[in-house]
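Peer 1: Quick one: this structure, given as structure tokens, is what I'll be asking you about.
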Amino acid sequence: MFIDMHVHEWSFSRDSIMPLKDIVARAKEMGMGAICITDHDSLGIKTEAERYSREIGFPIFVGVEVLTVQGDIVAFGSPYAFQPRTIDAQEFINYVHSYGGACFSAHPFRNNNRGLEEHLGVVKMLDGVEVLNGSTSLEANRTALEYSRKYNIQPVACSDAHKLEKLGCYATWLPEDPRTLEEFIQVLRSGKCRPAIWEGDHYRIVEDF
Ligand SMILES: [Zn+2]
113 MFIDMHVHEW SFSRDSIMPL KDIVARAKEM GMGAICITDH DSLGIKTEAE
163 RYSREIGFPI FVGVEVLTVQ GDIVAFGSPY AFQPRTIDAQ EFINYVHSYG
213 GACFSAHPFR NNNRGLEEHL GVVKMLDGVE VLNGSTSLEA NRTALEYSRK
263 YNIQPVACSD AHKLEKLGCY ATWLPEDPRT LEEFIQVLRS GKCRPAIWEG
313 DHYRIVEDF
């Protein structure tokens, strides 16, 4: 199935203009099998998202985008959302794994001083790297793709949407259809996920772009 693993909802991401219901409706319309909410330094939506997910029977996986000292990392399974630049990237990766979670580097080469950049080649045990991020230039995304190959880090694709028009512009193909956060984390850690691009009415899995 296809899933957008990096999305901001407006309750806890002040730079987003999308409410949860609209995100889910659009994700279903695009044929996604599940959706993720990954707010900046906050897991505040978790209870409400889990309640709504049960109510409508559509998987919503809540993670968090943490700005580590070296750059942004999106994590699932972390029980805690660290304040910006208060934890080292490797420490955060280890922390997430110690709780059985999974994490990936967000927009590593975006020109906003929030990507891991060269640290991508230094940190160990990342479960993925965004080679396609919807808020990042093609050039920076291509550099991320090169790093993913050079350091053998699973490539994923996400919209990083803050508004509906952007939602799902990139998504990740999962080899299985997880229904719970735990199942989703296992799939993400499998190393078998693949980046995909929205073509207006379907997703196309890509090796290169
Ligand atoms: Zn983001």
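Going left to right, the sequence shown walks through residues 113 to 321 as our numbering numbers them. Each residue gets a CB set at the ideal place from its N, CA and C atoms; glycine is no exception.
Between which two residues does the beta strand (DSSP E) holding residue 244 run?
Peer 2: Residue 244 -> beta strand (DSSP E) spans 240 to 245.
Peer 1: Would you say the beta carbon of residue 180 comes nearer than 8 Å to a heavy atom of ligand 1?
Peer 2: Not under cutoff, so the answer is no.
Peer 1: When burial is assigned at 16 or more other CB atoms within 10 Å of the CB, is residue 292 buried or exposed?
Peer 2: So residue 292 counts as exposed.
Peer 1: Could you spell out where the alpha helix (DSSP H) holding residue 314 opens and where it closes?
Peer 2: From DSSP, residue 314 is part of no alpha helix (DSSP H); its letter is neither H nor E.
Peer 1: Quick one: what's residue 148 bridged to in DSSP?
Peer 2: DSSP output for residue 148 lists 173 as bridge partner(s).
Peer 1: Which first and last residues belong to the alpha helix (DSSP H) in which residue 259 is found?
Peer 2: Here the alpha helix (DSSP H) through residue 259 covers 250 to 262.
Peer 1: What residue does the alpha helix (DSSP H) around residue 164 start on, and which one ends it?
Peer 2: Where residue 164 is concerned, the enclosing alpha helix (DSSP H) stretches over 158 to 168.
Peer 1: So, helix, strand or coil for residue 134, using DSSP?
Peer 2: Residue 134: helix per DSSP, three-state reduction.
Peer 1: Using the DSSP secondary-structure output, state which residues sit across from residue 306 in a beta bridge.
Peer 2: The partner list for residue 306 (beta bridge, DSSP) reads 285.
Peer 1: Skipping 5 residues on each side, what residues in its chain have a beta carbon closer than 8 Å to that of residue 184?
Peer 2: Here the set comprises 177, 178, 217, 218, 219, 226, 227 and 228.
Peer 1: On the three-state DSSP scale, how would you describe residue 185?
Peer 2: Residue 185 falls in the strand class under three-state DSSP.
Peer 1: Helix, strand or coil for residue 179? Go by DSSP, reduced to three states.
Peer 2: Three-state result, residue 179: strand.
Peer 1: Rounding to the nearest angstrom, what Cα-Cα distance links residue 255 and residue 243 in this structure?
Peer 2: Approximately 8 Å, taken between the alpha carbons.
Peer 1: By alpha-carbon positions, which one of 123, 131 and 140 ends up nearest to residue 313?
Peer 2: Residue 140 is the option with its Cα nearest to residue 313.
Peer 1: Whose C-alpha, out of 165, 155 and 269, is nearest the C-alpha of residue 190?
Peer 2: Nearest C-alpha to residue 190: 155.
Peer 1: Report yes if the C-beta of residue 243 is less than 8 Å from at least one heavy atom of ligand 1; otherwise report no.
Peer 2: No, the beta carbon of residue 243 sits no closer than 8 Å to any heavy atom of ligand 1.
Peer 1: Closest by CA to residue 269, which one among 298, 235, 295 and 315?
Peer 2: Checking every option, the nearest Cα to that of residue 269 belongs to 315.
Peer 1: Report yes if the CB atom of residue 161 is closer than 9 Å to the CB atom of residue 300, and no otherwise.
Peer 2: No, the pair does not count as a contact, with Cβ atoms beyond the cut-off.
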